[in-house]
Structures are given as C-alpha cells and as structure tokens.
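Numbering of the sequence shown is given in the numbering used here, commencing with residue 15 and proceeding in unit increments.
Virtual Cβ for every residue (Gly too), placed ideally from N, Cα, C.
Since this is a predicted model, take the numbers as computed values, not measurements.
Below you'll find the structure, written out as structure tokens, and then a few comments.
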Amino acid sequence: MNGQLLISAIVLGLSMSGIYFLLTVGLSLCYGLMRMISLDQFFYYALGAYMVYTVTSLTGSFWLGMLGAMLTTLVAAFVVERLIVKRVYSKPVMFSMILTFGVNLLGVGLIKYVWGLSPKPVASPISGIMNIFGTGVPIYRLFVIVLAVVVYLAVQYFLNKTILGTAIRAGIDDAEKVEALGININRLFTLTFLLSSVLSALAGVIHAPFVMVSPEMGMSITAFAFMVVIIGGLGSIKGTMVSALIVGQVVSIGALIWAPLAEMAPFLVMMIILLIKPTGLYGSKLMNR
Numbered sequence: 015m016n017g018q019l020l021i022s023a024i025v026l027g028l029s030m031s032g033i034y035f036l037l038t039v040g041l042s043l044c045y046g047l048m049r050m051i052s053l054d055q056f057f058y059y060a061l062g063a064y065m066v067y068t069v070t071s072l073t074g075s076f077w078l079g080m081l082g083a084m085l086t087t088l089v090a091a092f093v094v095e096r097l098i099v100k101r102v103y104s105k106p107v108m109f110s111m112i113l114t115f116g117v118n119l120l121g122v123g124l125i126k127y128v129w130g131l132s133p134k135p136v137a138s139p140i141s142g143i144m145n146i147f148g149t150g151v152p153i154y155r156l157f158v159i160v161l162a163v164v165v166y167l168a169v170q171y172f173l174n175k176t177i178l179g180t181a182i183r184a185g186i187d188d189a190e191k192v193e194a195l196g197i198n199i200n201r202l203f204t205l206t207f208l209l210s211s212v213l214s215a216l217a218g219v220i221h222a223p224f225v226m227v228s229p230e231m232g233m234s235i236t237a238f239a240f241m242v243v244i245i246g247g248l249g250s251i252k253g254t255m256v257s258a259l260i261v262g263q264v265v266s267i268g269a270l271i272w273a274p275l276a277e278m279a280p281f282l283v284m285m286i287i288l289l290i291k292p293t294g295l296y297g298s299k300l301m302n303r
C-alpha cells in the first residue's frame with residue numbers, strides 16, 4: 015500500500031470522525047438524559063449546511079455563515095422543543111423516534127421548499143496544503159480535526175466542571191433523584207436538546223465544503239451516525255468520540271483497500287463489538303432501562 019495514500023486516508027478518516035462525533039454527540043446526550051432518540055438532529059445538520067451556504071453567498075464570509083447557521087438552528091430547535099419535542103420526554107423511546115422522525119421529514123420538506131432540489135456548493139474557508147511526511151494534506155481537513163477535538167474537550171469540561179454540566183451528568187445517572195433535589199429537570203432537558211442541535215448544525219457547517227449541500231444530506235449520513243452511537247454506547251460522550259474515530263478510519267482505510275469495503279466494514283465492526291459487549295464500548299446496563 016502506498017504510504018502517501020495511507021496518510022491521506024488516515025487524515026480523511028480523522029476529519030470524517032470529527033464530523034461524525036459532532037453529529038452524534040447530541041444523539042448520545044439526548045438518549046443519556048432524556049431517554050429519547052432525537053432523529054430531528056439530522057434536520058439540524060442539513061439546516062446548518064444550508065444556512066452556511068446562504069450566509070456565505072450573501073456576505074462572502076464562511077465564518078459569519080457558521081455563526082448564522084448555529085444561531086438559526088438554536089432558534090429552530092427551541093421552537094421545535096417547545097411545541098413538539100417536550101411532549102415526549104416522559105414517553106417510551108418509540109414515541110420520540112416516531113415524532114422526531116416526522117419533524118425531520120417536515121424539516122427536509124421545508125428545506126426543499128426554501129432552497130429547491132439542486133445541490134449547493136460551499137467553498138472551503140481555508141485553502142492551502144500542509145506537507146505531512148511527504149504527503150500534501152488540505153489544511154481545512156486538519157482544521158476540522160482540531161475543531162472536533164476542541165469541542166470534545168469543551169463538552170467534557172462543561173459536563174464535569176460546571177454546575178449545569180454536573181446537573182446534566184447527574185440526570186443521566188438518575189433523573190428522579192435530581193428532580194427530588196429541587197433541580198428543574200425540564201430545563202435541563204431543554205438545555206441538552208439545544209446544545210445537541212447546535213452541535214449537529216456545526217457538523218453540517220464544517221461538512222458542507224466537502225460535499226454538495228442537498229436536502230437529503232442528513233439521510234445519507236444516518237447509517238454511519240447510528241453505527242457511531244451504537245458502537246460507542248448510548249449516553250457516553252467518550253464512547254461517541256472513540257467510536258467516531260473507529261468508524262471514520264474503517265470507512266476511509268477500507269475504501270483505500272477495496273471500495274465496497276468502505277460500507278461493509280463498519281457494519282462488521284459494529285456486529286463484532288455488539289457480540290462481545292451488547293451495550294457498546296462504553297455503554298452500561300443503565301442504557302437498558
């Protein structure tokens with residue numbers, strides 16, 4: 015195997031791992047605290063991509079587009095949470111899956127109505143190539159990797175070192191005890207949902223320069239996103255990061271070895287891990303309740 019191709023594949027895999035992590039950390043948080051599977055996160059992912067396209071087209075600034083995408087998604091997610099999602103917090107998981115899947119379909123329909131069906135291009139905000147062991151690597155891919163690591167560390171700090179984060183972690187362990195202590199659990203639910211949605215939008219924003227932005231882009235990444243969550247273990251942030259690294263590398267290096275392997279290999283890895291540890295790498299029996 016050519017060394018330069020391998021380095022390129024590893025960097026590509028790491029950048030995709032970063033995108034997978036940003037998209038799936040919200041899914042993991044929502045299940046961990048609220049015991050809901052928030053399929054509308056894929057709509058926020060696509061919305062983020064479309065908003066960065068729109069604002070960048072109007073202003074010429076990708077970074078303003080990133081800010082605009084996150085703020086727009088924050089507002090959209092708040093409206094959805096207040097009107098729809100909060101009604102399934104105490105319901106079985108299947109209710110949240112069905113309802114948020116419906117929200118996702120409505121969101122995709124709205125995107126098609128506003129932006130049309132034709133794919134939209136988003137230019138990379140960072141040009142240039144960095145030489146790594148004789149291999150030219152796009153600097154933007156390195157930026158995506160660094161951004162994902164920074165977000166992971168920030169989320170870990172928030173959950174472990176702040177009062178709100180500690181309350182969320184405690185709610186993941188035992189929501190009833192947290193509520194008994196006088197903490198408004200519904201506010202924690204809202205905060206967690208909004209944080210998850212903004213991170214999903216950020217995933218769409220940074221992925222946009224790699225792909226043509228399209229209404230179905232959220233659907234196309236769904237399978238990989240669920241593999242990341244399942245392999246890592248529902249509710250585990252560390253597990254989400256580790257599994258995102260695994261899936262990203264397996265897909266990228268698998269494609270280098272044999273193209274069809276890129277889609278088959280992650281499923282094989284998931285099956286092997288679940289046979290050994292049914293709750294995922296960092297999941298626990300808590301996830302079964």
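Checklist line | Cα-Cα separation between M301 and S110, rounded to whole angstroms | finding: For M301, the predicted model reports a pLDDT of 43, less than 50, meaning its position is unreliable and no value from the coordinates is stated.
Item checked: V225, DSSP secondary structure in three states -> coil
Next item on the list: State the start and end residues of the unbroken alpha helix (DSSP H) segment that holds I251.
Entry: I251 to I271
Item checked: Presumed contact (8 Å Cβ cut-off) between I51 and I220, rounded CB distance -> Wrong, their Cβ atoms sit about 24 Å apart, outside the cutoff.
Notebook entry, point to check: Relative to the C-alpha of I260, which residue among M30, L20 and G17 is closest?
Noted result: M30
Notebook entry, point to check: Going by DSSP, which residues form a beta bridge with I143?
Noted result: P152
Next item on the list: Could you check how far apart the C-beta atoms of G121 and L61 are, in whole angstroms? I think they sit under 8 Å.
Entry: 7 Å
Margin query: Do P229 and L131 have their beta-carbon atoms positioned less than 8 Å apart in this structure?
Written below: yes
Next item on the list: To the nearest angstrom, report how far apart Y59 and E277 are at their CA atoms.
Entry: 21 Å
Note to self: Report the start-end ranges of each alpha helix (DSSP H) in the stretch 91–132 that is 4 residues or longer and not cut off at the edges.
What the structure shows: 107–129
Notebook entry, point to check: Shortest alpha-carbon distance to F240 belongs to which of R183, V225, L208 and L37?
Noted result: L37
Check: What do you get for P307, buried or exposed, if any count of 16 or more other CB atoms within 10 angstroms of its CB means buried?
Finding: An answer regarding residue 307 cannot be provided, because it is not within the stretch 15 to 303 covered by the chain.
Item checked: For K291, three-class secondary structure by DSSP -> coil
Check: Could you give the residue range of the alpha helix (DSSP H) that holds V66?
Finding: Q55 to T73
Item checked: Spatially closest choice to L43 from S210, G218 and L275, by CA coordinates -> S210
Check: Touch check for the stretch 61–75 and the stretch 84–103: three-plus C-beta pairs under 8 Å?
Finding: yes
Next item on the list: Below 7 Å CB to CB, which residues in the same chain sit around M80 once its five sequence neighbours on both sides are set aside?
Entry: V66 and V219
Margin query: Give me, in chain order, the residues of the same chain whose beta-carbon lies closer than 6 Å to that of Y103; leave out the 5 immediate sequence neighbours on both sides.
Written below: M48 and F203
Note to self: Please tell me whether T254 and G262 are closer than 8 Å, where the distance is taken between their beta carbons.
What the structure shows: no
Note to self: Just to confirm the assignment, what range does the alpha helix (DSSP H) spanning S31 have?
What the structure shows: G17 to M48
Item checked: Those residues which DSSP pairs with K134 across a bridge -> V227
Next item on the list: Buried or exposed for G116, please, with buried defined as at least 16 other CB atoms from any protein chain shown within 10 angstroms of its CB.
Entry: exposed
Check: If F57 and N118 are in contact, beta carbons under 8 Å, what's the gap, nearest whole angstrom?
Finding: 5 Å
Item checked: Span separating the alpha-carbon of M231 from that of A237 -> 12 Å
Check: When we look at the beta-carbon of Y296 and count the other beta-carbons within 10 Å, is it buried (16 or more) or exposed?
Finding: buried
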